[in-house]
Every structure is written in structure tokens, then in C-alpha cells.
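Note that UniProt numbering has the sequence shown beginning at 1, numbered continuously upward.
As C-alpha cells, the structure follows; a few thoughts come after it.
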Amino acid sequence: MKIVINDTELEVIKGDITKCTCDAIVNAANNGLLGGGGVDGAIHRAGGPEIMEECKKIRERTGGCPTGEAVITTAGNLPAKYVIHTVGPVWKGGAYQERELLRNCYINSLKLAEEHFVKTIAFPNISTGVYRFPKHEAAQIALETVKECIQNQFIRSIQSILFVCFDDENYHIYKTMIR
Ligand code: ADP
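Here's what the structure looks like:
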């Protein structure tokens, strides 16, 4: 499923983000940048130790990555050039700025990608795994935020944005919502 807005392609696919041959893939990381389960675990497993080495250096320098922010590393052995690690909010019922923080993840990842002249970028469904953000609302925020970024013309080098859905539920939600 694909749409085009102001010459930027938005596409929804089902699959494993570690297999994407984009310039940058986004990781749903945690504040410590020390790896974990879900997509984070898959990226570090497939990408090899080089990614963690860079994460550790960032952690030593800055103490980690605050929720809603993003940092960039090599993609190690992955087919991508970069991994952009962003930290989604843990869903605590909706009264703790979860929506705004999730929105920031997409904006800050795209900003960092632009700074590195990324042309193609792939996002996982941030926060919808162990962080339990309601999937429907998370998809709405992801799609709206990315579209706003394109329409506000802060996107210049990025030509293609991929939403990589791993589970059937997210894939179905994104397919019906993208337009
Ligand atoms: P979070 O802690 O942000 O919730 P998770 O990794 O637990 O992060 O889940 C985020 C999303 O990533 C979930 O929708 C999950 O299905 C998905 N996911 C898990 N493994 C992969 C993978 N290899 N590629 C793409 N998405 C994945």
C-alpha cells in the first residue's frame, strides 16, 4: 500500500525491519540504549556488536536518550546505513503526555535523518509492543505526524518513508488508515 504526498512516498509493508535496504531504519529503543527485546533485540542481533558499541559511547557521553528524542549510529552488518534509535513512551493510560512524546519520536527521527541526508527511512510501530500504546491511536499519530512533516516542507532529502508492520494487527490498521 503506497501513497505520495509532495513527491514523498509513504508505504506500508508487513515484515522484519532488519531486512530493509533503506538508508536508515528506526529502532524502538529504551532510555539506556542498552538493547532489549522486540524490535530492539532483533536489530542488535542482526546488526552485530558495532551498533551496541556506538550506543554505549552515546550513553557515556549523554546518559542515554530521553523519551521522544532520537540518536543515530551505524547499522553494523544490516543492509541499512544507519540505525536511528528513538525512545517511545510507555503507555500509562494517556495522561502522561504519551501522545505528544510518541509524536516527538517521529519528528526527531525524521530531523536526524534529514541531517544525515537520508533518502529512504523505515519505521517500526514504535511503543506498540511491550510499551503497550494502543495500536490504533499509535498508527494515527505516526501517519499524521509524518504527513505534517512532509506538508510543512521540513522534509527535503527523504524521498520514501516506510512503515514496517511486524504483527498482523498493526498491518491491518495501517493498511486501512493510510490515505
Ligand atoms: P516498544 O517497547 O516501543 O513497545 P517493541 O519492540 O516491544 O517496542 O514493539 C514495537 C513494535 O515492533 C511492535 O509492534 C512489534 O510487533 C514490532 N516488532 C518486533 N520485532 C520487529 C521486527 N523485527 N521488525 C519490525 N517490527 C518489529
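Glycine included, each C-beta is placed from N, C-alpha and C at the ideal position.
None of these values were measured; they are calculated from a predicted model.
- If you keep only unbroken beta strand (DSSP E) runs of at least 3 residues inside the region 110 to 140, you get 120 to 123.
- Its Cα nearest to that of Phe133, the residue Gln97 stands out among Ile121, Cys65, Gln97, Ile107.
- For Thr62, the enclosing alpha helix (DSSP H) has its first and last residue at 49 to 62.
- For Tyr174, the enclosing alpha helix (DSSP H) stretches over residues 168 to 177.
- In this chain, the beta strand (DSSP E) harbouring Glu9 covers 8 to 14.
- Cβ atoms of Phe163 and Val4 stay farther apart than 8 angstroms, at about 15 angstroms.
- The C-beta distance from Ile178 to Met52 rounds to 33 angstroms, too long to fall under 8 angstroms, and the pair is not in contact.
- Beta bridge pairing from DSSP links Val26 with Ile84.
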